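Take a look at the structure set out below.
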Amino acid sequence: MRSTLVRYKIGLLVIGLFTIILLVLVLVQAHAAKQDNETYRAANEIVTKLNNYNLDHDKLPSSLAAAHITNVPASVSYQKLSEGSYKFCVTYKATSSDFDATSALSDVASGHYSSPSVSDSTEDSYYLYLPSSHHKGANCQTVKSFTTPSYDCSSYDSYSCYDNSTDQSFDNSFTQ
Amino acid sequence: MDEQPHPHHHQPTDGGMPPGPAQSVPPAYGHEPAQHAQPWAPPHEPMPVAQPMSAPIEIPQLQSGQSPRPVPVVQVLSPVGVEYVFMIISLVTAAIGLTAALLAMVNGKFDFTVLAFPAALLVTGVPVFAFLFLRLKKLELRNPALKLDPSKRRTTQATQIISFIVSMFTVVGLIFAILAKLGGQSDVSIGKAILDALCVLVVAGGILAYYWHDEHKG
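Written out as structure tokens, the structure is:
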């Protein structure tokens, strides 16, 4: 009887040790995860304000302060690269992926093996969007501004364009 | 055990009503002989009810001093059976946590957002399961008849069935993933699919193997 119970106790001890290791692993990362969540929330607000400024003013601000965006954490940075593009970086303390371990269980049983990955936010995009998954360290996006062009080549004939800002038409060869 | 028939209880064997005190029982509708059928009555007249239409069936009288036989209408678990149900719930909780954690680690995900929920499942499930498992195992070793407790057997058999279904569909999912890969419908690596399936099979298959062996070792 005693030997049978000892065998079960050893098995339970192994699972218990695994649980403790997992708990420690989670607790160690909790502080960094909290700071990253605060960073993400602040960065998300900045992204909304920046996109709104871009839409309202049809141009990029020279800095976040120029767009009246205050209380910017040190982990968020904005750099205007040209009149039509800028770089937006958010620095995180830990990696966060969109892998859902519990839903992966049902995926395995249904054969839908997904391969989620942390989104690569270093690629160029036309709209600033902050993904919830991120790498540890700086996550930068280079955004090409989506400001509307000041000239319109579609509403005129195929040989000339119309400049909205000056109310003048010009030869289409400039844009081709 | 509450589930075992009480000496004074009547257990219906065919789903019918148990006999009560001696009384005249009319035959069931649809089974009465044609020669005893009531003559047709006009619709405005009330139909006679509860009148014997054939010879009454005699049921032996209870002896004096005996109370009418109670009829079990609610199936309850035995006290130990409730503990088995608690143990299985905590086992399922811990098993989901363990499998989710293994799946995350196999996929190289060690971050807080991924591991927090599996850790919560394990921290809750493992101590409760360990306590109840050891307690019930001690009781079983002291009293081997407890293994035949209907509540316990129903719970462990349900666990076997569920873990069998999970294991079976994991194998189905793995084969489907391999076929989808061969057919170019999926870009997931077969090695990763096998590892993922192994995580589920180790836990669900382990539970199935333990309870299968426990029930068949006599």
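Keeping their order, the protein sequence lines are chains P and Z.
For any residue, its number in our numbering is found by taking its place in the first sequence, counting from 1, and adding 132.
Going by our numbering, 172 is the number at position 175 of the second sequence; the sequence numbering is gapless.
Note that CB positions come from ideal geometry on N, CA and C, so glycine has one too.
Note that the structure is a prediction, hence the values are computed from the model and not measured.
Does the beta carbon of residue i come closer than 8 angstroms to any beta carbon on chain C?
| i | result |
| --- | --- |
| A236 (chain P) | In the structure shown, chain C cannot be found, because the protein chains are P and Z. |
Give the secondary structure of residue i by DSSP, where H, G and I count as helix, E and B as strand, and everything else as coil.
| i | result |
| --- | --- |
| V120 (chain Z) | helix |
| Q273 (chain P) | strand |
| H213 (chain Z) | helix |
| S135 (chain P) | helix |
| H266 (chain P) | strand |
| T151 (chain P) | helix |
| A113 (chain Z) | helix |
| D184 (chain Z) | coil |
| H200 (chain P) | coil |
| K189 (chain Z) | helix |
| V199 (chain Z) | helix |
| Q161 (chain P) | helix |
| S21 (chain Z) | In this predicted model, S21 (chain Z) has a pLDDT of only 42, less than 50, meaning its place in the structure is not dependable enough to derive any value. |
| N186 (chain P) | helix |
| P141 (chain Z) | helix |
| Y245 (chain P) | coil |
| R66 (chain Z) | coil |
| K220 (chain Z) | Chain Z is shown only over -2 to 215; residue 220 (chain Z) falls outside these bounds and no answer can be derived. |
| I142 (chain P) | helix |
| L222 (chain Z) | Nothing in the structure corresponds to residue 222 (chain Z), since chain Z is present only between -2 and 215. |
| K191 (chain P) | coil |
| Q72 (chain Z) | coil |
| L129 (chain Z) | helix |
| Y288 (chain P) | With a pLDDT of only 48 at Y288 (chain P), under 50, the local geometry of the prediction cannot be trusted, and the value read off the model is given with reservation. Of the three classes helix, strand and coil, the one that applies to Y288 (chain P) here is coil, per DSSP. |
If contacts are defined as beta-carbon pairs under 8 angstroms, then residue i and residue j qualify, I think. What distance do you get, rounded to the angstrom?
| i | j | result |
| --- | --- | --- |
| T96 (chain Z) | V200 (chain Z) | 5 angstroms |
| A241 (chain P) | V163 (chain Z) | 7 angstroms |
| L112 (chain Z) | L154 (chain P) | 6 angstroms |
| T152 (chain Z) | Y207 (chain Z) | Not quite, the Cβ-Cβ distance comes to about 14 angstroms (not below 8 angstroms), so this is no contact. |
| L157 (chain P) | F114 (chain Z) | In fact, because the Cβ distance is near 13 angstroms, the residues do not count as touching under 8 angstroms. |
| S265 (chain P) | S228 (chain P) | 6 angstroms |
| Y224 (chain P) | L192 (chain P) | 24 angstroms between Cβ atoms; not a contact. |
| L118 (chain Z) | I93 (chain Z) | 6 angstroms |
| S183 (chain P) | L262 (chain P) | The sequence given here places Asn at residue 183 (chain P); Ser does not occur at that position. Actually they do not touch by this definition, with Cβ atoms about 10 angstroms apart. |
| K149 (chain Z) | G78 (chain Z) | 6 angstroms |
For the beta strand (DSSP E) that contains residue i, what are its first and last residues?
| i | result |
| --- | --- |
| K212 (chain P) | 208 to 214 |
May I ask you to list the residues that DSSP assigns as paired with residue i?
| i | result |
| --- | --- |
| F220 (chain P) | P:Y210, P:Q273 |
| S228 (chain P) | P:H266 |
| S257 (chain P) | P:V275 |
Hey, quick one: how far does the alpha helix (DSSP H) through residue i stretch, first residue to last?
| i | result |
| --- | --- |
| A97 (chain Z) | 76 to 103 |
| Q154 (chain Z) | 147 to 179 |
| D239 (chain P) | 233 to 242 |
Which residues in chain P have a C-beta closer than 9 angstroms to the C-beta of residue i? List them in chain order.
| i | result |
| --- | --- |
| G170 (chain Z) | D239, V240, A241, S242, G243, H244, Y245 |
| F83 (chain Z) | None at all; the shortest Cβ gap to chain P is about 16 angstroms. |
| V77 (chain Z) | Within 9 angstroms Cβ-Cβ: nothing; V77 (chain Z) doesn't reach chain P, min ~18 angstroms. |
Just to make sure I have the definition right: I need the residues of chain Z whose C-beta is within less than 9 angstroms of the C-beta of residue i. Which are they?
| i | result |
| --- | --- |
| I147 (chain P) | A91, L95, L119, V123, F126, A127 |
| T180 (chain P) | None at all; the shortest Cβ gap to chain Z is about 22 angstroms. |
| A165 (chain P) | D108, F109, T110, A113 |
| A162 (chain P) | F109, A113 |
| L137 (chain P) | L131, K134, K135, L138 |
| L144 (chain P) | V123, F126, A127, F130, L131 |
Residues of chain Z with a CB under 7 angstroms from the CB of residue i: which are they?
| i | result |
| --- | --- |
| V158 (chain P) | F109, L112, A113, A116 |
| T151 (chain P) | L119, V120, V123 |
Name the chain P residues whose beta carbon is nearer than 7 angstroms to that of residue i?
| i | result |
| --- | --- |
| A142 (chain Z) | Neighbours of A142 (chain Z) on chain P: none; closest Cβ ~16 angstroms, over 7 angstroms. |
| A194 (chain Z) | V240 |
| F173 (chain Z) | G243 |
| V163 (chain Z) | A241 |
Which chain Z residues are close to residue i, counting only those with a beta carbon under 8 angstroms from its beta carbon?
| i | result |
| --- | --- |
| S229 (chain P) | K106, D108, T110, V111 |
| Y140 (chain P) | F130, L131, K134 |
| A226 (chain P) | D108, F109 |
| A233 (chain P) | A97, A98, L100, A101, K106, V111, L112, F114, P115 |
| L155 (chain P) | A116, L119, V120 |
Cβ closer than 8 angstroms: which chain P residues qualify as neighbours of residue i?
| i | result |
| --- | --- |
| T167 (chain Z) | V240, A241 |
| A177 (chain Z) | G243 |
| V197 (chain Z) | L237, V240, A241 |
Under the criterion of a Cβ to heavy atom distance below 7 angstroms, does residue i qualify as lining the ligand GDP?
| i | result |
| --- | --- |
| L198 (chain Z) | Absence of the ligand GDP is noted for the structure shown, with no ligands found whatsoever. |
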